[in-house]
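Reviewing the structure listed below.
Residue numbers (the numbering used here): 10 to 89.
Following this line, the structure appears as structure tokens:
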């Protein structure tokens with residue numbers, strides 16, 4: 010279930026290990042919907058429950074609402 014999310018950062022996000030609790034695991038967002046990006050805020054639970062295979066989902070600026078659904082393009086053929 011692919012999704013398009015808007016990112017407008019122009020540089021990296023610094024994660025300073027000194028500010029993190031060494032006793033707690035760190036979860037990095039992979040779905041692109043987290044409001045605390047790059048850290049996971051469990052937004053992926055919504056897309057896991059509602060998004061369907063074979064559909065491309067386009068989210069609004071806040072990454073909270075699906076504004077468009079369209080068939081996902083097939084993957085490109087493998088390079089020989």
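Note that beta-carbon positions come from the ideal geometry of N, C-alpha and C, so glycine has one too. Here the structure is a predicted model, which is why all the values come from computation and not from measurement.
Secondary structure at residue i, three-state DSSP: helix, strand or coil?
i	result
residue 77	strand
residue 12	strand
residue 88	coil
Is it true that the CB of residue j sits closer than 7 Å to the CB of residue i?
i	j	result
residue 67	residue 76	yes
residue 47	residue 37	yes
residue 65	residue 11	yes
Can you tell me which of the options puts its alpha carbon nearest to the alpha carbon of residue i?
i	options	result
residue 13	25, 30, 80	80
residue 91	50, 52, 78	As displayed, the chain neither begins before 10 nor continues past 89, which places residue 91 out of reach and without an answer.
If contact is defined by three or more beta carbon pairs under 8 Å, each pair taking one atom from either stretch, is the segment 67-79 in contact with the segment 35-45? yes
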